[in-house]
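Single-structure report; data block below.
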């Protein structure tokens, strides 16, 4: 990189951090791999918390007239369960995969803006902690993750103010991350890697970043308006002064529906990488998968009002949005056929990542089909606000997105940690999880159609809903057992010494497997030149045209480094971005400002000052320290 | 979003598209800002003429005054491109002069807005008085905050230039901050038309 | 989106192939000319306020004037006209999406029906 006419120290007499290892290095790191790991670990902690909340809900609903929680606690817990799972687990866990894998899969040394990347992470984690601090400061948000006005604007507790502020902070984190990762994919690819030679995971990553960049600003406005209504008594959603609560629903779902694809497309990308590896076949119809992903992204912006059929938008709007919703099933279906086509006549190997991928497809198909039933407006009138919807969202977001994320964890664990998770334990976990999952959420279809209403904290025995609720609760606790098995597996694996017998344990296809496990700080000693999709595979095997079989290029183990790229650089002479504590300083201003909005303008000023110091320190510091 | 503009001001490594990453990021950021202001303006338009009590727009607006503000902001866009022109010719003195002029015009605009807000407030229009007050203050206030952030970036640029801490290619950060500045200007073009000039049903004259 | 980046491949690796945009920026004179046009258009806009015009003519006129100003600033001052087209695609995507989505929202509220 070119030299900079700026001194190497960060200014103000503070020494720039240089350590790349050790406890404090985690606070100053700008390495996409460390940031990815931090995203992964912290979002998994939130997953546990959100899971415990789910277990409390199921305990409360296990019997009629349950007394585990009172109505107020129940409201807070189901709201925090939704917020946690969506904003503090699935989104950041996807960000963990994107952060860790995008540079490795496109042959880059880091993301386009490493310090903005660190800022995004710190803003996310501080936003999450801010949201949870509400528990100790007067009660958690209690108006559902969708925060419908005027319930959310008139609630007397402080919870929904925390909701608005907390989501604004995590929104800032995601917006900055989206711009960063989109530019990374567009601008940082290895030589020869045209967009149509990038793995499908990269494509899905690109679509997700665009969805985030264009949908988050809308919810930002909605949340600001909600905040102003609550804090400064404005009239945005106040019907008594002419305001219209339906506007909130529009702003929320204009974001909320693209958000659904933001949650599911990363999992689609992950299983699109895994299924070809374990079928030992290239992905069937790569272009179709890519284009259907892009069209899901576009159409995903045109279906938001199907969450609002019962609002009374009128027959024209309802019909139009019913149609667009039915249409979006087409590209989704295309993908499913492509995955099946990939497996068809493949040399299938049902290792844990593959089991989870197939599980993802099956569960998503069930969820997708129940989704199509909501697209039919009269049918939706019966289903809206019942447990049928709860069943649907859990089949697509748990059965789809979270199963896909588990597939990714098992698949890339050796890459990231240099250790392999126990396969036997993994398979047990999968079967327990999928049985528990279907027991937990399958009966909810029945409950919903029998009239059980969402978000009710209890039900009388006379409604005859008890049996299926009990089944559902048993299923939920089975899921908890599966997650416990995962944690035990992780702890036992991480205690073993690092080292893989084979650095390419799955016989993989993409270039992140061409570097060591775990990868060095600079990712690749020599950036490989890309000649095709599945570059690594083609370096390992050639097709024998006479017999149509695959022949290894070299006898013995697969090469872990590019052999045809000239001399190995050993990583010397590569200038990586230097660590910096300014992103953390700048991000820590955000929750301070948020507390200030709740309590005092002085605190807002202090927070703004901290942010300014952070940004000025950042601007005056070169991205790569000299020397 | 000062960080977007100042990250890697120079020494951009060779990129896949040949375009500098910072500039791509800046345009993507501005594209996403369109949705932000789009939602705010939509809220204003939806609630226009739906206030149940006064003061109404026609009671408080002083079009002559706001027109002057609009001219000031437009002029600042002109001085901004002149600063860029000077930076490209490495005429640092003139660049600083035009940047300062831009910042001063921006400050004039913000000052004018503060004065306007105070006047309206004294005429009885608070943020919670009616839907007009709510949507007007939040929309124009959001814009004003954007202008203020821009002024801070401009002044920082001047400061860094005086301390000789600008990168080798000084035109690049000027161009990036300029893009942001012009964006704020075009948002005002839309706001000026929709909020001030289009009558709200009640005869404005 | 896809075609945009696909083309980028061919224009791509020649490093600063399109980065030389600086050379094609308009001259200060041209900037000033645009500035004068913008000022005149703004003058026209303000005039409509003081002259009695029927609403059915006034509103379209104001929109056209604002649109022309918008385009002039984006094309010249933000030099999209002289820059790589891929920047323009990003921006147009944002503007078009915002316009379409929010138009649909307003229509669903029957905002334009009097």
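Protein chains in written order, with my numbering: chain A, 1 to 627; chain V, 1001 to 1205; chain E, 2001 to 2114. Cβ atoms here follow ideal geometry from the backbone N, Cα and C, with glycine treated the same way. These numbers were taken from a predicted model, which means no experiment stands behind them.
Own chain partners of residue i with C-beta closer than 8 angstroms, once the 5 adjacent residues on each side are dropped
| i | result |
| --- | --- |
| residue 490 of chain A | 421 |
| residue 56 of chain A | 68, 69, 77 |
| residue 2044 of chain E | 2065 |
| residue 2088 of chain E | 2080 |
| residue 593 of chain A | 603, 604, 607, 608, 611 |
Euclidean distance between Cα positions of residue i and residue j
| i | j | result |
| --- | --- | --- |
| residue 470 of chain A | residue 476 of chain A | 10 angstroms |
| residue 363 of chain A | residue 290 of chain A | 22 angstroms |
| residue 1166 of chain V | residue 113 of chain A | 19 angstroms |
| residue 2025 of chain E | residue 1188 of chain V | 24 angstroms |
| residue 377 of chain A | residue 449 of chain A | 15 angstroms |
| residue 258 of chain A | residue 211 of chain A | 6 angstroms |
| residue 583 of chain A | residue 379 of chain A | 49 angstroms |
| residue 331 of chain A | residue 2096 of chain E | 23 angstroms |
| residue 313 of chain A | residue 2108 of chain E | 7 angstroms |
| residue 100 of chain A | residue 1074 of chain V | 44 angstroms |
| residue 319 of chain A | residue 303 of chain A | 11 angstroms |
| residue 515 of chain A | residue 230 of chain A | 52 angstroms |
| residue 452 of chain A | residue 473 of chain A | 15 angstroms |
| residue 237 of chain A | residue 307 of chain A | 18 angstroms |
| residue 1213 of chain V | residue 1032 of chain V | Summary: the structure shown does not reach residue 1213 of chain V, with chain V confined to residues 1001 through 1205, and so no result is reported for it. |
| residue 1023 of chain V | residue 425 of chain A | 48 angstroms |
| residue 225 of chain A | residue 1104 of chain V | 31 angstroms |
| residue 2113 of chain E | residue 1135 of chain V | 21 angstroms |
Rounded distance between the beta-carbons of residue j and residue i, thought under 8 angstroms
| i | j | result |
| --- | --- | --- |
| residue 587 of chain A | residue 165 of chain A | Not really, about 15 angstroms apart at Cβ, beyond 8 angstroms. |
| residue 1131 of chain V | residue 242 of chain A | 5 angstroms |
| residue 130 of chain A | residue 169 of chain A | 6 angstroms |
| residue 1200 of chain V | residue 1055 of chain V | 12 angstroms between Cβ atoms; not a contact. |
| residue 1127 of chain V | residue 1115 of chain V | Contact doesn't hold; Cβ gap of about 17 angstroms is too wide. |
Burial state of residue i, where buried means 16 or more other Cβ atoms lie within 10 Å
| i | result |
| --- | --- |
| residue 614 of chain A | buried |
| residue 121 of chain A | buried |
| residue 545 of chain A | exposed |
| residue 198 of chain A | buried |
| residue 1095 of chain V | buried |
| residue 1185 of chain V | buried |
| residue 2023 of chain E | Bear in mind that the predicted position of residue 2023 of chain E carries a pLDDT of just 47, short of 50, making it unreliable; the figure below should be weighed with that in mind. That one is exposed. |
| residue 631 of chain A | With chain A represented from 1 up to 627, any question about residue 631 of chain A goes unanswered, as that position is not in the structure. |
| residue 1089 of chain V | exposed |
| residue 1162 of chain V | exposed |
| residue 382 of chain A | exposed |
| residue 399 of chain A | buried |
| residue 558 of chain A | Low local confidence applies: a pLDDT of 45 at residue 558 of chain A is under 50, so the model's placement there is unreliable, with the coordinate-based value given in what follows. Buried is the call here. |
| residue 287 of chain A | exposed |
| residue 274 of chain A | buried |
| residue 537 of chain A | buried |
| residue 494 of chain A | exposed |
| residue 2051 of chain E | exposed |
| residue 2086 of chain E | buried |
Close beta carbons around residue i, own chain, < 7 angstroms, minus the five adjacent residues each side
| i | result |
| --- | --- |
| residue 1196 of chain V | 1061, 1063, 1066 |
| residue 1083 of chain V | 1095, 1098, 1099, 1102, 1174 |
| residue 482 of chain A | 429, 432, 433, 436 |
| residue 564 of chain A | Caution applies to residue 564 of chain A, whose pLDDT of 42 falls short of 50 and renders its modelled position unreliable; the model cannot decide the point. |
| residue 403 of chain A | 356, 359, 360, 363 |
Neighbourhood of residue i by C-beta distance below 6 angstroms, restricted to the same chain and skipping five residues each side
| i | result |
| --- | --- |
| residue 556 of chain A | Caution applies to residue 556 of chain A, whose pLDDT of 45 falls short of 50 and renders its modelled position unreliable; the model cannot decide the point. |
| residue 223 of chain A | 164, 167, 168 |
| residue 529 of chain A | 191, 192 |
| residue 1077 of chain V | 1182, 1185 |
Which runs of the alpha helix (DSSP H) at least 4 residues long sit entirely within the stretch 117-192 of chain A? Give them in chain order. 151-154, 159-187
- request: May I have a chain-ordered list of the beta strand (DSSP E) segments no shorter than 3 residues that lie completely inside the stretch 45-131 of chain A?
  value: none
Enumerated in chain order, which unbroken segments of the alpha helix (DSSP H) with a length of 4 residues or greater are wholly contained in the stretch 204-272 of chain A?
none
Continuous alpha helix (DSSP H) assignments of at least 4 residues falling wholly in the stretch 457-542 of chain A:
466-495, 535-540
I'd like the ranges of any alpha helix (DSSP H) spanning at least 4 consecutive residues and lying wholly in the stretch 387-422 of chain A.
387-394, 403-417
> Fully enclosed by the stretch 1106-1167 of chain V, which alpha helix (DSSP H) runs are 4 residues long or longer?
Replying inline: 1131-1162
*asked:* List, from N- to C-terminal side, the alpha helix (DSSP H) runs of 4 residues or more that fit wholly inside the stretch 566-614 of chain A.
replied: 582-599
- Message: Quick check for students: name the residue ranges of the alpha helix (DSSP H) that lie wholly in the stretch 321-363 of chain A, counting only runs of 4 or more.
- Response: none
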